[in-house]
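*Asks:* Sharing a structure with you now.
Protein chains in written order, with the working numbering: chain A, 536 to 782; chain B, 74 to 559.
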């Protein structure tokens, strides 16, 4: 069972759920290149300019550990990374579990992704603010530093601290990608765990995916927000387990 | 008395009042995100009444859409992973939809079962800080732009440009500077420049530069800089760039290549030395002759010597006339005053006549030219050129016994040449041969002359619309030639 973290964090997000599966499965957690404790020097702006770059990370891990016939549990943007990987090499995956997936975040005619372009710009601005804002404890050394101001947060918020340039590119790739046309190509059976009132991936998006994919089971959770594996680990575990048992 | 103390204690213990009126906003929300408690300060910042918020709004509702995404993707996972999340910058929405920039600190309180129970949030209004941040960022961008513009311009100009900090440490050089010293980047440039200055100039340069750094006066100094295997003259200049209170911010400098000018001046000095020397020899000779003539004028026994002295004076005058003619020719050529009077003449006759004019007694001279070859040109000027070629051949190839002179139809015109079998000319000297003041071996007194001959020749041929040149091999000899249109 392979757990792929979503945008903005690293493998630590899975700590509340993996224990429940350790008895029955071999558990693999990892950080994408650019996230967590990965080797930042392996990051290249060209390779990771699209989600395909991240599917390469998955293939690398599978090749290295000689994995196949796996259950891939993916959160948020990782769902599309996993989808692309499973279309390309279906033999590696027996089942896919999508938590809060979305093939397209921005509204498009009749399609409701949940965001306008302006909303996404707001996020990018917000990210800039948080990397530009200097810590109260530190004098502003913004002038002396050629490209990058001192990162106040990274000193205090250690878990999800990433290189701001990488974080920004990942955000662009995530929020500006459109994988709707890939949905029908997935042959591997999948489960979508959809939270109510998830602003990142609204219920409409879950239904849209369910309609456009073969062999997809959609379950709407009681949990709210975008991170049920963190806010409602028990419900998440139970739903995954029951899906795996019944299929 | 005891009553008063109690009252004071009670007043101090009124933490509610501290909470409500703190200079920062306080807010607590539960696992479902709903606001449980909020202080007066934050309510007034956001323009809400307490009962519009508590139990009704979620913390997320106070954020614009971009902030909500950020909350879901970063902030919430962080809260789950860390007990404390410090200094995240959010824009909070007021009731009317306007934004207030805030810095948010969060403290997570867990239940006994380690489940998230309450999140206590402290909010700082950072409107002012935001403003300063933006201004700072804007001025940094402006400064970057300014720096880029300067670098672009300084790479564009043909000079080597550099800047130094107030202590004199070089902190920027342009591309031309890097190229001149064949450098990849700016590292260790300070010491390098000093080491590239000619050892004879180095100490004086440093002394003068240090004096300028101290005084802040404009700096100007001529040095030789190493360029590959040899040195070239450069003028190094620097001016202090000053701030509003006249303090020196940096030094702006340039290195100008003045090698040509310096060399031209040196050549001119050398020429004046040679010319004075050349002019003095016949003058001395004449002075001596006149003194002797004066002494012998009434002595009939010395009449024979007298006629020898007249011959000597005439020869000296001739030499002087030739030297002065050369100088005048040069002046005229320089001013573009040279006039041609063209007539048609036989090339062969000209060559024969020229050979008669020079002292070829010791030489075996071979003239190779069709008798019928004619050319339209200024005969006297062309004669001047051929004679100059012949004289040079005799002067610079004294041990060569053979001399070949020739003329033939060549393309649309004719070609005339003089070939000697002397020592030849070093390759590096060939391009300079037709320059003013150049002499093959300037250091030697053996080859007297002003070094103007070939320059004058080249100008005469150019005026005719022809071309002049030389082919030479060291150890074998040289061929001087010119082409003329018919």
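Here a beta-carbon is modelled for each residue, glycine too, at the ideal position from N, C-alpha and C.
What residues in its chain sit with their C-beta under 8 angstroms from that of residue 770/A, if we drop five residues either side in the sequence?
*Replies:* Counting from 1 along the first chain, the entry for residue 770/A is found at position 235. So the list reads 756, 757, 758 and 763, once near-sequence residues are dropped.
*Asks:* Looking at residue 146/B: is its Cβ nearer than 8 angstroms to the Cβ of residue 761/A?
*Replies:* The count along the second chain starts at 1 and reaches residue 146/B at position 73. The count along the first chain starts at 1 and reaches residue 761/A at position 226. Contact: yes.
*Asks:* With C-beta atoms as the reference, is residue 536/A less than 8 angstroms away from residue 561/A?
*Replies:* On the first chain, residue 536/A is found 1 positions in, with the first residue counted as 1. On the first chain, residue 561/A is found 26 positions in, with the first residue counted as 1. Result yes, Cβ atoms of residue 536/A and residue 561/A sit closer than 8 angstroms.
*Asks:* With 9 angstroms as the limit, tell me which residues of the segment 653-665 of chain A have their beta carbon closer than that to any beta carbon of chain B; keep them in chain order.
*Replies:* Per Cβ criterion, the list reads 653, 654, 655, 656, 657, 658, 659, 660, 661, 662, 664 and 665.
*Asks:* Starting from the beta carbon of residue 720/A, find every residue of chain B whose beta carbon is closer than 9 angstroms, and list them in chain order.
*Replies:* Position 185 of the first chain, counting from 1, holds the residue named residue 720/A. Neighbours of residue 720/A on chain B: none; closest Cβ ~27 angstroms, over 9 angstroms.
*Asks:* Along the chain, which unbroken stretches of the alpha helix (DSSP H) at least 4 residues long are found entirely within the segment 184-237 of chain B?
*Replies:* Segments of the alpha helix (DSSP H) lying fully in the segment 184-237 of chain B: 200-229.
*Asks:* If you draw a straight line from the C-alpha of residue 655/A to the C-alpha of residue 119/B, how long is it?
*Replies:* As a first step, residue 655/A is located in the first chain; it is residue number 120 there, counting from the start. As a first step, residue 119/B is located in the second chain; it is residue number 46 there, counting from the start. Distance between the alpha carbons of residue 655/A and residue 119/B: 24 angstroms.
*Asks:* Measuring alpha carbon to alpha carbon, tell me which residue in 184/B, 185/B and 121/B is nearest residue 166/B.
*Replies:* The sequence position of residue 166/B within the second chain is 93, counting from 1. Looking at the Cα atoms, 121/B is the closest of the given residues.
*Asks:* Since residue 296/B contacts residue 276/B with CB under 8 angstroms, what's their CB separation in whole angstroms?
*Replies:* Your numbering for residue 296/B matches position 223 in the second chain. Your numbering for residue 276/B matches position 203 in the second chain. Actually they do not touch by this definition, with Cβ atoms about 11 angstroms apart.
*Asks:* Only counting runs of 4 or more residues, tell me where the alpha helix (DSSP H) segments fall wholly within the segment 332-420 of chain B, in order along the chain.
*Replies:* For the segment 332-420 of chain B, whole alpha helix (DSSP H) runs of length 4 or above, ordered along the chain, are 332-369 and 376-408.
*Asks:* Can you give me the C-alpha to C-alpha distance between residue 92/B and residue 199/B, rounded to a whole angstrom?
*Replies:* The residue labelled residue 92/B in the question sits at position 19 within the second chain. The residue labelled residue 199/B in the question sits at position 126 within the second chain. One C-alpha to the other measures close to 20 angstroms.
*Asks:* Using a Cβ cut-off of 9 angstroms, pull out every chain B residue sitting near residue 759/A, in sequence order please.
*Replies:* Position 224 of the first chain, counted from the start, is the residue given in the question as residue 759/A. The answer, in chain order, is 105 and 106.
*Asks:* Cβ of residue 186/B less than 8 angstroms from any chain C Cβ?
*Replies:* Among the protein chains in the structure shown, which are A and B, there is no chain C.
*Asks:* Counting only C-beta atoms, is residue 542/A closer than 8 angstroms to chain B at any point?
*Replies:* Against the first chain, residue 542/A aligns to sequence position 7. With 8 angstroms as the cut-off, residue 542/A counts as an interface residue toward chain B.
*Asks:* On a Cα-Cα basis, can you pick out the residue from 424/B, 411/B, 416/B and 443/B that is closest to residue 532/B?
*Replies:* Taking the second chain and counting its residues from 1, the one referred to as residue 532/B is at position 459. Measuring from the Cα of residue 532/B, the nearest candidate turns out to be 411/B.
*Asks:* Quick check on residue 676/A - is its C-beta less than 8 angstroms from some C-beta in chain B?
*Replies:* Numbered from 1 along the first chain, position 141 holds the residue referred to as residue 676/A. Because the pLDDT of residue 676/A is 38, which lies under 50, any placement of that residue in the model is unreliable, and the number read from its coordinates should be weighed accordingly. With 8 angstroms as the cut-off, residue 676/A does not count as an interface residue toward chain B.
*Asks:* Does chain B have any CB closer than 8 angstroms to the CB of residue 634/A?
*Replies:* Counted from its first residue, the first chain places residue 634/A at position 99. Closer than 8 angstroms: no.
*Asks:* Which residues does DSSP list as the beta-bridge partners of residue 494/B?
*Replies:* Sequence index remark: in the second chain, residue 494/B carries index 421 (1-based). Note: residue 494/B sits in no beta bridge, so no partner.
*Asks:* Indicate whether residue 709/A and residue 636/A have their beta-carbon atoms separated by less than 8 angstroms.
*Replies:* Here residue 709/A is taken as the residue at index 174 of the first chain, counted from 1. Here residue 636/A is taken as the residue at index 101 of the first chain, counted from 1. Contact: no.
*Asks:* Report buried or exposed for residue 651/A, applying the criterion of at least 16 other Cβ atoms within 10 angstroms of its Cβ.
*Replies:* Here residue 651/A refers to the residue found at position 116 when the first chain is read from its first residue. It counts as exposed.
*Asks:* Just to confirm the assignment, what range does the alpha helix (DSSP H) spanning residue 718/A have?
*Replies:* Counting from one through the first chain, the residue named residue 718/A turns up at place 183. Careful: residue 718/A lies outside any alpha helix (DSSP H) and carries neither H nor E.
*Asks:* Does chain A have any CB closer than 8 angstroms to the CB of residue 292/B?
*Replies:* Here residue 292/B corresponds to residue number 219 of the second chain, with the count starting at 1. For residue 292/B, the answer is no, since every Cβ of chain A falls outside 8 angstroms of its Cβ.
*Asks:* Among the residues of its own chain, which have a CB less than 7 angstroms from the CB of residue 739/A, if the five just before and after it don't count?
*Replies:* As a first step, residue 739/A is located in the first chain; it is residue number 204 there, counting from the start. Result list for residue 739/A: 647, in chain order.
*Asks:* Starting from residue 107/B and walking both ways along the beta strand (DSSP E), at which residues does that stretch end?
*Replies:* Indexing the second chain from 1 puts residue 107/B at position 34. No beta strand (DSSP E) holds residue 107/B; DSSP gives it neither H nor E.
*Asks:* Which residues in chain A have a C-beta closer than 8 angstroms to the C-beta of residue 227/B? List them in chain order.
*Replies:* What you label residue 227/B is simply residue 154 of the second chain in a count that begins at 1. Chain A residues near residue 227/B: none, gap ~19 angstroms exceeds 8 angstroms.
*Asks:* List the residues of chain B whose Cβ lies closer than 7 angstroms to the Cβ of residue 765/A, in chain order.
*Replies:* By 1-based counting over the first chain, the position of residue 765/A is 230. By Cβ distance, chain B contributes 150 and 153.
*Asks:* With a floor of 3 residues, list each beta strand (DSSP E) that falls wholly inside the segment 596-645 of chain A, ordered by position along the chain.
*Replies:* Taking only runs of at least 3 residues, the beta strand (DSSP E) segments lying wholly in the segment 596-645 of chain A are 605-610 and 628-634.
*Asks:* For my contact list, residue 203/B and residue 174/B are in at a C-beta cut-off of 8 angstroms; report their separation, rounded to the angstrom.
*Replies:* Taking the first residue of the second chain as 1, we reach residue 203/B at position 130. Taking the first residue of the second chain as 1, we reach residue 174/B at position 101. With a Cβ gap of about 4 angstroms, residue 203/B and residue 174/B count as contacting.
*Asks:* At a CB distance below 7 angstroms, what residues from the segment 542-568 of chain A approach chain B? Give them in sequence order.
*Replies:* So the close ones are 542, 543, 544, 547 and 548.
*Asks:* Taking 8 angstroms as the threshold (beta carbon to beta carbon), is residue 192/B in contact with chain A?
*Replies:* Reading the second chain from its first residue, position 119 is the one you call residue 192/B. Closer than 8 angstroms: no.
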